[in-house]
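The UniProt record's numbering applies: residue 1 is where the sequence shown begins, and numbers increase by one.
A virtual CB, placed ideally from N, CA and C, is assigned to each residue, including glycine.
Worksheet: the structure to be examined is printed underneath.
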Amino acid sequence: QLVWNLHFTSFTLLSCIAVNVYVKVFTNSPFLVCMDLARSQEEVIDPKYLWIGPDGRNLEGQMYVNLTETGKLMVMGFKESMSGAYTCTLSHKIIETMTQEEREVVEAYKFMVYAYREADHAYQVFVRYTTKECELPANSRFFEELKKIINNIISDLTCHIIESSYKCHSFKRPKQGLGHELFVSFQVNPFAPGWVEVCHQVPYDCEDATNTRVQEAKDRIGEFFNKQAYVLKHEFQTVPTIHYVDNSFSATHIDSCRPGFGKNDLTHKNCASCCVVCDPGTYSPNNDVTCQICTRPRVKKYGARSC
């Protein structure tokens, strides 16, 4: 897509709009090609390539890049600080068939390359239990015991439950008397004590491993509640005072981003589910999913954790 052309008798400069490219941290970028699709299908005479990185330096000879003789660029071991504009200038000749007149053409290509991470996953879980009455002292004891059981089920995955709570509600169902239920909620979190040591066993970054662990934890908890429903139906002659409400288990997916990263499905619509490095002038100090704007932008780097 050419946005403007400058024509001279022996010199032409073509400039293209920027293309967004997303590279997962600690991996290699795809090859960035210093020509558009149309040019790649044509014969190119005496091509010369000049790649300039985000810091304004010539990338030829840099240890962290793979630059081929045909002008393809790969950035290796990508980090947040490597994000930014990568521009390539392709100069080549066009020779007129009839007159053999040579014309120099210079084409500029720009790539906005962003580091990204996979979002960290957690799950918000909701379940219900029938109880005899809301003021029953056993309700709180039951809740504490339930938390211990669930934490034991998932402790070997370095996961735990946080932000746990319950409320008791009374309700009247058609053609039935007054009933009472405990509405229990908690979050299944993959960052229990010891998670950092587990991450060190994984090459590079550990979001994939962490997300696999919390998925397994969620599945185990779901299986635990399903077994309760089965036991109530098949093994209890007298139903306990506090018992699980069949099919009340639900788990809602929650994403968070590491500090210095955030989501923006407008700016980065081609990587909407990714945690993309915060742009200069923005920052993310915590595990929120949004990069905040600095009130007095002094931050000129990508991936800032503070202003």
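Among residues of its own chain, excluding the 5 on either side of residue i, which ones have a beta-carbon nearer than 8 Å to its beta-carbon?
i	result
isoleucine 254	His121, Ala122, Tyr123, Gln124, Gln187
proline 259	Ser284, Pro285, Asn286, Asn287, Arg305
phenylalanine 224	Ile149, Ile150, Ile153
Ignore the nearest five residues each way along the sequence and tell me which others in residue i's own chain have a CB closer than 7 Å to its CB.
i	result
glutamate 216	Leu157
serine 248	Val127, Arg128
lysine 300	Pro280
threonine 27	Phe78
arginine 298	Cys307
Helix, strand or coil, according to DSSP, for residue i in the structure here?
i	result
histidine 7	Its pLDDT being 30, under 50, histidine 7 is placed unreliably in this model, and the value from its coordinates should be taken loosely. Of the three classes helix, strand and coil, the one that applies to histidine 7 here is strand, per DSSP.
aspartate 156	helix
glycine 222	helix
cysteine 168	strand
serine 91	strand
threonine 68	coil
glutamate 118	coil
glutamate 216	helix
leucine 13	Summary for leucine 13: the model assigns pLDDT 46, below 50, so the residue's position carries little reliability, and this model does not support an answer.
asparagine 211	helix
arginine 39	helix
cysteine 307	coil
valine 289	coil
glutamate 107	strand
cysteine 275	strand
phenylalanine 143	helix
leucine 32	strand
alanine 138	helix
glutamate 75	With the sequence shown as reference, residue 75 is identified as valine, and glutamate is not the correct amino acid for it. Residue state, collapsed to three classes: strand.
alanine 18	coil
valine 231	helix
serine 248	coil
serine 256	strand
glutamate 102	strand
methionine 82	helix
Would residue i and residue j be called neighbours here (beta carbons separated by less than 8 Å)?
i	j	result
glutamate 181	valine 245	yes
proline 285	serine 256	no
cysteine 159	leucine 90	no
valine 75	arginine 128	no
valine 111	alanine 18	Strictly speaking, residue 111 in this sequence is phenylalanine, with valine absent from that position. Yes, the pair counts as a contact, with Cβ atoms nearer than the cut-off.
glycine 262	serine 81	no
cysteine 274	tyrosine 116	yes
phenylalanine 31	lysine 72	yes
valine 113	valine 21	yes
lysine 218	alanine 251	yes
histidine 92	valine 44	yes
alanine 134	serine 165	Correcting the residue identity first, residue 134 is cysteine in this sequence and not alanine. No.
isoleucine 221	isoleucine 162	no
cysteine 294	glycine 281	yes
glycine 77	tyrosine 64	yes
proline 47	alanine 85	no
Just grab the DSSP bridge partners of residue i for me.
i	result
leucine 266	Its beta-bridge partners do not exist; DSSP assigns none.
glutamine 187	Gln124, Ile162
histidine 200	DSSP output for histidine 200 lists no bridge partner at all.
isoleucine 150	DSSP, once it has assigned bridges, lists no residue as partnering isoleucine 150.
residue 316	With the chain covering 1 to 307 only, the question about residue 316 has no answer from this structure.
threonine 130	Glu181, His243
valine 44	According to DSSP, valine 44 bridges with nothing at all.
Should residue i be labelled buried (16 or more other beta-carbon atoms within 10 Å of its own) or exposed?
i	result
asparagine 58	exposed
proline 190	buried
histidine 7	The predicted model places histidine 7 with a pLDDT of 30, which falls under 50 and marks its position as unreliable, so this point remains unresolved.
serine 83	buried
glycine 61	exposed
aspartate 279	buried
threonine 210	buried
phenylalanine 126	exposed
histidine 200	exposed
threonine 68	exposed
residue 357	The structure shown has nothing for residue 357, since the chain only spans 1 to 307.
threonine 131	buried
arginine 213	buried
serine 140	exposed
isoleucine 149	exposed
glutamine 1	Only weak support exists for where glutamine 1 lies, its pLDDT of 31 falling under 50; the value from the coordinates is given anyway. It counts as exposed.
Please go through the same chain and pick out, in chain order, the residues whose beta-carbon is closer than 6 Å to the beta-carbon of residue i, but skip the five residues on each side of it.
i	result
glutamate 118	Glu207
residue 315	Here the chain covers residues 1 to 307 and nothing more, so residue 315 does not appear.
isoleucine 52	Thr87
threonine 9	Because the pLDDT of threonine 9 is 34, which lies under 50, any placement of that residue in the model is unreliable, and the number read from its coordinates should be weighed accordingly. Contacts found: none.
isoleucine 95	Glu102
valine 276	Tyr114, Tyr116, His268
residue 335	Since the first residue of the chain shown is 1 and the last is 307, residue 335 is not available in this structure.
threonine 241	Lys132
lysine 167	Phe183
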